[in-house]
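Asker: Each residue of the sequence shown is one higher than the last, beginning at 1 in the numbering used here. Note that beta-carbon positions come from the ideal geometry of N, C-alpha and C, so glycine has one too.
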Amino acid sequence: MEKFDTLIEQYLSGELQGAERRQFEERLQEDEALQKQMALYETVEGTLQEHFRGLEEKQDLLGQLQSISGEFFQEEKKSEPKGRVVTLRRTLAFAAAIAAAVILLIWAPWQASLYEQYAIHPAAAFTRMSGGADELSRAEQAFNNKDYATAALQLEAFLEGEPDDTEARYFLGISYLETGQYDKADRLFRQLLEGNSAYTYEGAWYLALSFLRQGNTTATREYLERIPEGSDRYGKAQELLGKLGG
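If you want it as structure tokens, here you go:
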């Protein structure tokens with residue numbers, strides 16, 4: 001099977017431009033092998049980003065683990081004779097610390113579950129019949145089938161000709177979020193929040209969901225609290241704040 005790793009990485013990072021980018025996107029539409037590799041790459045990249053984003057909230061925990069393990073080893077050195085017993089106890093302590101880190105810092109099942117509960121996306125229903133109709137039609141079908149990678153490609157193509165289309169940018173942000181492209185998603189959601197449209201507080205809501213998925217509960221609360229009473233998302237925002245606690 002042909003390998004496309006370098007091209008895919010260059011495409012997702014924005015390094016492919018102009019004719020090269022268009023050529024890659026055209027091939028992506030037709031080449032099933034390339035589509036599968038793209039989906040796999042986005043899944044892996046999104047998972048890794050999700051695991052290691054929001055680390056500023058977890059430094060205290062890591063520090064505590066390091067402190068506990070350091071104190072333990074010092075006590076062992078002072079009070080225990082050298083030999084297999086000491087080695088075994090140190091190994092077990094280290095393994096326990098690693099297990100705790102894995103459970104608390106990587107898997108984060110509670111936060112993932114909350115994201116899944118609240119990330120209920122609206123259906124795409126694009127109605128334009130003028131320029132870009134083909135891209136919007138394909139984007140609508142892909143998005144509603146949860147094929148977010150394809151939806152993102154089609155919306156990107158549409159927005160090249162209609163860069164100020166707020167609805168398209170909104171659904172592109174969600175597509176980026178679902179494929180783990182958090183920087184791109186957050187940039188679009190911030191534009192919505194800072195703009196003056198019907199999607200203003202959708203921007204705040206989806207920024208909150210993005211940071212929730214990344215494990216950054218501080219930022220999640222910050223954006224939930226920016227959703228005012230009377231807006232469509234206010235009830236859900238208050239409900240999620242209650243579940244986050246603190």
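Can you check which of these residues, Glu-162, Tyr-206, Phe-211, Glu-202, is closest to Asp-232 by C-alpha distance?
Answerer: That would be Glu-202, whose Cα lies nearest to the Cα of Asp-232.
Asker: Identify, in the order they occur along the chain, each residue of the same chain with its Cβ nearer than 6 Å to the Cβ of Thr-251, setting aside the five sequence neighbours on each side.
Answerer: There is simply no residue 251 to check, as the chain begins at 1 and stops at 246 in what is shown.
Asker: Mind checking if Ala-185 is an interface residue toward chain D, Cβ cutoff 8 Å exclusive?
Answerer: Note that chain D does not occur in the displayed structure, where there is just one protein chain.
Asker: Where do the ends of the alpha helix (DSSP H) carrying Tyr-199 lie?
Answerer: Looking at the DSSP string, Tyr-199 is not in any alpha helix (DSSP H), and its letter there is neither H nor E.
Asker: Going straight from the alpha carbon of Gln-238 to that of Tyr-118, what length do you get?
Answerer: 12 Å
Asker: Name the residue from Asp-134, Tyr-148, Tyr-170 whose alpha carbon lies nearest to the alpha carbon of Ala-157.
Answerer: The option with the nearest alpha carbon to Ala-157 is Asp-134.
Asker: How should Glu-15 be labelled, buried or exposed, when 16 other C-beta atoms within 10 angstroms of its C-beta is the threshold for buried?
Answerer: exposed
Asker: Sorted by chain position, which residues of the same chain lie with C-beta nearer than 6 Å to Ile-8's C-beta, five sequence neighbours on each side aside?
Answerer: So the list reads Met-38, Tyr-41, once near-sequence residues are dropped.
Asker: For Ala-185 and Leu-177, which I take to be in contact (beta-carbon distance under 8 Å), what is that distance rounded to the nearest angstrom?
Answerer: 4 Å
Asker: Between which residues of its own chain and Arg-221 is the CB-CB distance below 7 Å, once the five residues before and five after are set aside?
Answerer: If you ignore the 5 residues before and after Arg-221, its C-beta comes within less than 7 Å of the C-beta of Leu-241, Leu-244, all in its own chain and listed in chain order.
Asker: At 4 residues or longer, and completely inside the stretch 196-241: list those alpha helix (DSSP H) runs for me, N to C.
Answerer: 200-214, 217-224
Asker: Just to check my reading of the structure: Arg-21 and Tyr-11 have Cβ atoms closer than 8 Å, yes? What is that Cβ distance to the nearest angstrom?
Answerer: 7 Å
Asker: Put His-51 into one of helix, strand or coil per three-state DSSP.
Answerer: Low per-residue confidence applies at His-51: pLDDT is 49, beneath 50, and the placement is therefore not dependable, though the value from the model is reported in the following sentence. Helix.
Asker: What did DSSP end up calling Asn-144 once you bin it into helix, strand or coil?
Answerer: helix
Asker: Within 10 angstroms of its Cβ, does Asp-147 collect 16 or more other Cβ (buried), or is it exposed?
Answerer: Counting Cβ neighbours within 10 Å, Asp-147 comes out buried, since at least 16 surround it.
Asker: Kindly indicate which three-state DSSP category Glu-162 falls into: helix, strand or coil?
Answerer: coil
Asker: I'd like the list of long-range same chain contacts for Leu-34, defined as Cβ closer than 7 Å, with 5 residues on each side in sequence excluded.
Answerer: Phe-4, Arg-27, Leu-28
Asker: I need the straight-line Cα distance from Tyr-234 to Ala-123, nearest angstrom please.
Answerer: Per the coordinates, the alpha-carbon of Tyr-234 lies some 20 Å from the alpha-carbon of Ala-123.
Asker: Looking at Leu-188: is its Cβ nearer than 8 Å to the Cβ of Leu-172?
Answerer: yes
Asker: Going by C-alpha distance, which of Asn-196, Leu-114, Ser-137 is nearest Leu-153?
Answerer: Ser-137
Asker: Can you tell me where the alpha helix (DSSP H) holding Leu-16 begins and where it ends?
Answerer: Per DSSP, Leu-16 belongs to no alpha helix (DSSP H) and is neither H nor E.
Asker: I'd like the list of long-range same chain contacts for Asp-126, defined as Cβ closer than 8 Å, with 5 residues on each side in sequence excluded.
Answerer: The sequence given here has Phe at residue 126, not Asp. The residues are Leu-136, Ser-137, Ala-139, Glu-140, Glu-167, Ala-168.
Asker: Quick one: using the 10 Å Cβ neighbour count with 16 as the cut-off for buried, is Ile-174 buried or exposed?
Answerer: The residue is buried, with at least 16 neighbouring Cβ atoms inside 10 Å.
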